[in-house]
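Residue numbers (the numbering used here): 33 to 186. The beta-carbon is built from N, C-alpha and C at its ideal position, and this holds for glycine as well. Remarks on the structure that follows.
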Amino acid sequence: VGDMQDKHFFQHNLAMVTPAVEVPTKEARAVLPTHVPMRSVVAQTAQIARLIDALHRSDVPAMAAAMEADGIIEPARFHLMPYLAEVRSAAKAVGAHAVVISGAGPTLCAVCDHEESARHAAAAMAEVYLSRGIDAIGRCVPISAEGARVHALA
Numbered sequence: 033v034g035d036m037q038d039k040h041f042f043q044h045n046l047a048m049v050t051p052a053v054e055v056p057t058k059e060a061r062a063v064l065p066t067h068v069p070m071r072s073v074v075a076q077t078a079q080i081a082r083l084i085d086a087l088h089r090s091d092v093p094a095m096a097a098a099m100e101a102d103g104i105i106e107p108a109r110f111h112l113m114p115y116l117a118e119v120r121s122a123a124k125a126v127g128a129h130a131v132v133i134s135g136a137g138p139t140l141c142a143v144c145d146h147e148e149s150a151r152h153a154a155a156a157m158a159e160v161y162l163s164r165g166i167d168a169i170g171r172c173v174p175i176s177a178e179g180a181r182v183h184a185l186a
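Below, the structure is given as structure tokens:
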């Protein structure tokens with residue numbers, strides 16, 4: 033794979049929005065299907081393969097398409113994420129490549145080309161909630177090639 037810092041993907045930024053809504057992880061897990069048709073599993077596995085391939089090739093549009101092609105988890109949790117469709121549209125209108133649920137939610141994550149587009153996407157996503165009377169925090173974060181780190185407490 034080589035030096036991951038050289039990968040094009042790590043030159044991108046994420047826009048995150050966290051609305052002031054509660055989505056308990058236990059509830060988010062409870063809505064997931066206990067049985068999934070083989071056709072859906074095959075399609076989902078193909079999307080994971082496409083995502084991994086896109087990451088290795090630093091093909092952000094292909095990665096974004098694979099991220100949004102979730103046919104199992106997101107459809108089951110969609111109703112728990114208020115205004116997800118509107119947030120996705122708002123972020124894409126200002127240049128985001130993809131908007132997905134981060135973990136169990138309610139935070140949503142958008143993949144953007146650079147810090148400026150991520151700032152615009154974060155603001156646009158937050159505005160969807162704010163305009164509907166729901167507090168929300170939008171933020172822009174760089175993608176880290178380092179992964180998790182442990183820091184000593186002072």
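Residue burial classification, residue i (beta-carbon count within 10 angstroms, cutoff 16)
i	result
residue 156	buried
residue 146	exposed
residue 99	buried
residue 164	exposed
residue 183	exposed
residue 68	exposed
residue 150	buried
residue 70	exposed
residue 116	buried
residue 180	exposed
residue 81	exposed
residue 64	exposed
Neighbourhood of residue i by C-beta, 8 Å cutoff - its chain only, sequence neighbours within 5 removed
i	result
residue 34	Annotation note: pLDDT 48 at residue 34 (below 50); position unreliable, coordinate value reported separately. Same-chain partners within the cutoff: there are none.
residue 54	138
Whole-angstrom C-beta distance between residue j and residue i, which should lie under 8 Å
i	j	result
residue 191	residue 135	This structure gives no information on residue 191, because the portion of the chain shown stretches from 33 to 186.
residue 128	residue 143	6 Å
residue 141	residue 45	Actually they do not touch by this definition, with Cβ atoms about 11 Å apart.
residue 119	residue 49	7 Å
residue 109	residue 60	6 Å
residue 154	residue 62	That pair is no contact at about 30 Å.
Bridge partners - residue i, DSSP secondary structure assignment
i	result
residue 30	Residue 30 is absent from the model: the chain starts at 33 and stops at 186.
residue 142	47 and 131
Contacting residues, own chain, Cβ-Cβ under 6 Å from residue i (five flanking each side not counted)
i	result
residue 51	138, 161, 166 and 168
residue 152	126
residue 132	99 and 141
Contact set for residue i: own chain, Cβ-Cβ below 7 Å, skip 5 residues either direction
i	result
residue 101	79
residue 93	129
residue 174	45
Notebook entry, point to check: Going along the chain, which unbroken runs of the beta strand (DSSP E) with 3 or more residues stay wholly within the segment 84-135?
Noted result: 130-133
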